[in-house]
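The next block holds one structure in the form of structure tokens; read it before the comments.
Chains as they are written, first to last, in our numbering: chain A, 1 to 483; chain B, 1 to 144.
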């Protein structure tokens, strides 16, 4: 089998591949990659190099993992999962990503394609107007510094208290949309200034808001789908992909700098300066954890304000309240985060970078609504091909620290995509295929063309066959907003 | 113009990478700054209605460049602006590199400006400022 690495990669199953500790000096545990043979062969060399670098970090438990949507990242590969002992292990911004609590949100509706198609242009225009996107965009929520600190501590709960959402929304978010253990006093002024005007904004890059359709024939598990509020019959749903914007980025940058200086004091060496880290129990480690949680809460709040705007846009266009349109939250899940979770080894700080939590049925951390089914997992594909709703499993909890994939994963650089595709042409072609796209930047649109991504269906098959998440439904795009 | 830059296609799959080079460290700073400005918006479409004067110093020019480029990204978010130009000078006295720059641009306007990526951070992935013969060169990866 030809791979983009000279390392030995052993087959464990058809979907699990292992790089033994003998392949790189300093590896403390093996690295495991979840992928079909075809996806593994297409993975870039960065995945193999970076996942084995992660396997060298102090206190790592069991395996350094990479999901099938994995590709080159900063420090950790995108799709990377690693868990560290709380006493001897580290915490690293490189294992969380710059966009802290970048995540996915799915909103269901009672509307069907027949209801929406005649007003799709009007709907997308209204959504584009109400949800600012692109470079330098600011949101409609004006915050004092004191109020912004409340957002950092209360997350989506702050939004609901201010009328930007419904109380029952909170039960359908990872951590109830509010992570404990924040300390806004340690967040830098630069981070506050970057984030204070960005609540309710989408950003750019691969972030988007998408109107999608669920057809009966693309529901794989009707019972679980129904429990999540997904009934098919050309049902309309709305997906949101974004995170903590400039605020989270500044927190990550600030602590990469802090950790870069403090590592020597703790006797830590890393294979890549983007893996800069600190012992979890050290003052620096605890400060980053608190600041990261502040950013995670602003991301929950960001997606909640965007949800409020989406509901208002639908209510305006369809002349009925969002509640009457059945616009309930299906779930909100993070895919760039570090969290303390309990496993047979004890309490571990689990880093997920471009990887989604995927707890199975009965997990005590899940709200009542998902105890029987397991946790919804939302995976975004390219804007041309569609996305998936999956469900977490007990096997994920056993094998992958309760983690799975997060999206399609890129295969082509942004520069190459722009040379291959023209933004305005792509917009026209997608319109002819029934997908209406509103974009701030045509070059940004070209960068996100479907050809720049892996086939999400193949990626989903990998995790489904491996048993770490199971398919529930495929979601087909009909409208997309990009920065 | 004694500096050039080029975007790199085969590294930073999901982000933006560039190399800038010049006859001096100061020229490399100019080239890298121009690459960053052009990553966010086409400078010729941006007016000159907003300005900040910025001074930064460091004993390490490599760290100073990251600090400066990060400051440009900061102002993009903090002031909601994109940039037309950023004239700068770099001097070296008593082992300290001193950067004096003017950041000139205008508030984001989707109707009149040609906007590109919302750059979120300047990373240290593959980051390197180095001298080759009589030229200086830097490679930068921007997170978008």
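Heads up, the beta-carbon is just placed ideally off N, CA and C, and yes, glycines get one too. Bear in mind that the values here come from a model prediction, so they are computed numbers and not experimental data.
**Asked** residue 440 of chain A CB to nearest chain B CB: under 9 Å?
**Response** To locate residue 440 of chain A, count along the first chain from 1; it is residue 440. Yes, because at least one Cβ of chain B sits closer than 9 Å to the Cβ of residue 440 of chain A.
Contacts of residue 123 of chain B in chain A (Cβ-Cβ under 7 Å)
By 1-based counting over the second chain, the position of residue 123 of chain B is 123. Within chain A, the residues near residue 123 of chain B are 74, 274.
Ends of the beta strand (DSSP E) at residue 16 of chain B?
-> The residue given as residue 16 of chain B occupies position 16 in the second chain. Looking at the DSSP string, the run of the beta strand (DSSP E) that includes residue 16 of chain B is 16-22.
- Task: Determine contact between the segment 348-356 of chain A and the segment 416-427 of chain A, defined as no fewer than three beta-carbon pairs at a distance below 8 Å.
- Result: Put simply, the segment 348-356 of chain A does not touch the segment 416-427 of chain A. Fewer than three CB pairs are less than 8 Å apart.
Cutoff 9 Å: residue 137 of chain B Cβ touching any chain A Cβ: Your numbering for residue 137 of chain B matches position 137 in the second chain. Chain A contact via Cβ: absent.
Short CB-CB distance (under 9 Å) between residue 57 of chain B and chain A
Position 57 of the second chain holds residue 57 of chain B. Chain A contact via Cβ: absent.
### Task
Pick out whichever of A:395, A:248, A:320 has its Cα sitting closest to the Cα of residue 291 of chain A.
Here residue 291 of chain A corresponds to residue number 291 of the first chain, with the count starting at 1. Among A:395, A:248, A:320, the Cα nearest to that of residue 291 of chain A is on A:248.
Note to self: Please tell me whether residue 252 of chain A has its Cβ less than 9 Å away from any Cβ of chain B.
What the structure shows: In the first chain, the residue the question calls residue 252 of chain A occupies position 252. Interface residue, yes.
message: Taking a contact to mean a Cβ-Cβ separation below 9 Å, would you say residue 73 of chain B touches residue 122 of chain B in this structure?
response: Reading the second chain from its first residue, position 73 is the one you call residue 73 of chain B. Reading the second chain from its first residue, position 122 is the one you call residue 122 of chain B. In this structure, residue 73 of chain B sits near residue 122 of chain B, with a CB-CB distance shorter than 9 Å.
What does the Cβ neighbour count give for residue 297 of chain A, buried or exposed, with the cut at 16 atoms within 10 Å? Counted from its first residue, the first chain places residue 297 of chain A at position 297. By the neighbour-count rule (16 or more Cβ atoms within 10 Å), residue 297 of chain A is buried.
CA-CA distance, residue 487 of chain A and residue 110 of chain B? With chain A covering 1 to 483 only, the question about residue 487 of chain A has no answer from this structure.
Is the segment 38-57 of chain B touching the segment 468-480 of chain A in the sense that three or more CB pairs, one from each, lie closer than 8 Å? With fewer than three CB-CB distances shorter than 8 Å, the segment 468-480 of chain A does not count as touching the segment 38-57 of chain B.
Could you check if residue 10 of chain B is buried or exposed, using at least 16 other CB atoms within 10 Å of its CB as the buried criterion?
Working through the second chain from its first residue, we reach residue 10 of chain B at position 10. Exposed, because fewer than 16 other Cβ atoms sit within 10 Å of the Cβ of residue 10 of chain B.
request  = Determine the chain B residues that contact residue 459 of chain A at a beta-carbon separation under 8 Å, and present them in chain order.
outcome  = Residue 459 of chain A sits at position 459 when you count from the first residue of the first chain. Simply none; closest approach about 15 Å.
Residues near residue 105 of chain B in its chain [Cβ-Cβ closer than 6 Å; skip 5 each side]: Residue numbering aside, residue 105 of chain B sits at position 105 when the second chain is read from its first letter. Here the set comprises 46, 50, 81, 82, 83, 84.
From this set, A:450, A:63, A:190, which residue's C-alpha is nearest residue 426 of chain A's C-alpha? Within the first chain, residue 426 of chain A is the residue found at index 426, counting from 1. Just measuring C-alpha positions, the residue of A:450, A:63, A:190 sitting nearest residue 426 of chain A is A:450.
Using CA coordinates, which residue listed in B:92, B:21, B:15, B:17 is at the minimum distance from residue 57 of chain B? Taking the first residue of the second chain as position 1, residue 57 of chain B is located at position 57. For the options B:92, B:21, B:15, B:17, the alpha carbon positioned closest to that of residue 57 of chain B is the one of B:92.
query = Apart from the five residues just before and just after residue 184 of chain A, which ones in its own chain have a Cβ nearer than 6 Å to its Cβ?
reply = Position 184 of the first chain, counting from 1, holds the residue named residue 184 of chain A. Within the same chain, residue 184 of chain A has close Cβ partners 149, 152, 294.
- request: Can you say whether residue 40 of chain B is buried or exposed, counting buried as having 16 or more other CB atoms within 10 angstroms of its CB?
  value: Within the second chain, residue 40 of chain B is the residue found at index 40, counting from 1. Counting every other CB atom within 10 Å of its CB across the protein chains shown gives residue 40 of chain B a total of 16 or more, marking it as buried.
Ignore the nearest five residues each way along the sequence and tell me which others in residue 61 of chain B's own chain have a CB closer than 6 Å to its CB. Along the second chain, one-based indexing puts residue 61 of chain B at 61. Closer than 6 Å at the Cβ level, and outside the excluded window around residue 61 of chain B, lie 25, 97.
Whole-angstrom distance between residue 103 of chain B and residue 359 of chain A, CA atom to CA atom: Reading the first chain from its first residue, position 359 is the one you call residue 359 of chain A. Reading the second chain from its first residue, position 103 is the one you call residue 103 of chain B. Straight through space, the alpha carbons of residue 103 of chain B and residue 359 of chain A are spaced by roughly 48 Å.
Does residue 130 of chain B have its Cβ less than 9 Å from a Cβ in chain A? To locate residue 130 of chain B, count along the second chain from 1; it is residue 130. No, its Cβ sits nowhere closer than 9 Å to a Cβ of chain A.
- [ ] Kindly identify the DSSP beta-bridge partner or partners of residue 91 of chain B.
- [x] Position 91 of the second chain holds residue 91 of chain B. Bridge partners of residue 91 of chain B: B:98.
If you reduce the DSSP assignment to three classes, tell me which class residue 111 of chain A lands in. In the first chain, counting from the first residue as 1, residue 111 of chain A sits at position 111. For residue 111 of chain A, the secondary structure class from DSSP, reduced to helix, strand or coil, is strand.
### Query
Who are residue 242 of chain A's beta bridge partners in DSSP?
For the purposes of this step, residue 242 of chain A is identified with residue 242 of the first chain, where counting begins at 1. In the DSSP output, where bridge partners are listed per residue, residue 242 of chain A has A:103.
request  = Could you pull out every residue in the same chain whose Cβ sits closer than 8 Å to the Cβ of residue 221 of chain A, ignoring the five residues on either side in sequence?
outcome  = In the first chain, residue 221 of chain A corresponds to position 221, counting from 1. Excluding positions up to five away in sequence, the list reads 391, 470, 471, 472, 473.
Going by the beta-carbon positions, is the gap between residue 284 of chain A and residue 258 of chain A smaller than 9 Å?
The residue given as residue 284 of chain A occupies position 284 in the first chain. The residue given as residue 258 of chain A occupies position 258 in the first chain. In this structure, the beta-carbon distance from residue 284 of chain A to residue 258 of chain A falls below 9 Å.
Would you mind telling me which residues of chain B sit closer than 8 Å to residue 78 of chain A, beta carbon to beta carbon, in chain order?
-> Walking along the first chain from the start, residue 78 of chain A turns up at place 78. Per Cβ cutoff of 8 Å: 14.
Item to check | Residue from A:244, A:170, A:267, A:336 whose Cα sits closest to the Cα of residue 80 of chain A | outcome: Your numbering for residue 80 of chain A matches position 80 in the first chain. Between residue 80 of chain A and the set A:244, A:170, A:267, A:336, the nearest pair of CA atoms involves A:336.
Looking only at its chain, what residues have a beta carbon closer than 8 Å to the beta carbon of residue 37 of chain A, apart from the 5 residues adjacent to it on each side? For the purposes of this step, residue 37 of chain A is taken as the residue at position 37 of the first chain. Here the set comprises 1, 14.
Alpha helix (DSSP H) containing residue 388 of chain A: first to last residue? For this step, residue 388 of chain A is matched to residue 388 along the first chain. Counting along the chain, residue 388 of chain A falls outside any alpha helix (DSSP H), though it belongs to the beta strand (DSSP E) covering 387-392.
Checklist entry - Would a check of beta-carbon distances place residue 206 of chain A closer than 9 Å to chain B? => result In the first chain, the residue the question calls residue 206 of chain A occupies position 206. Yes, residue 206 of chain A counts as interfacial toward chain B.
**Item:** Beta-carbon spacing of residue 124 of chain B, residue 274 of chain A below 9 Å
**Value:** In the second chain, residue 124 of chain B corresponds to position 124, counting from 1. In the first chain, residue 274 of chain A corresponds to position 274, counting from 1. Cβ atoms of residue 124 of chain B and residue 274 of chain A: closer than 9 Å.
- residue 53 of chain A: buried (16+ other C-beta within 10 angstroms of its C-beta) or exposed? As a position in the first chain, residue 53 of chain A is number 53, starting the count at 1. Buried: at least 16 other Cβ atoms inside 10 Å.
Review point. Taking the alpha-carbon positions, what's the residue 432 of chain A to residue 268 of chain A distance?
Key: Here residue 432 of chain A refers to the residue found at position 432 of the first chain. Here residue 268 of chain A refers to the residue found at position 268 of the first chain. If I take the Cα positions, the gap works out to 55 Å.
Beta-carbon spacing of residue 35 of chain A, residue 65 of chain A below 9 Å:
Taking the first residue of the first chain as 1, we reach residue 35 of chain A at position 35. Taking the first residue of the first chain as 1, we reach residue 65 of chain A at position 65. Taking 9 Å as the Cβ cut-off, residue 35 of chain A and residue 65 of chain A do not qualify as a contacting pair.
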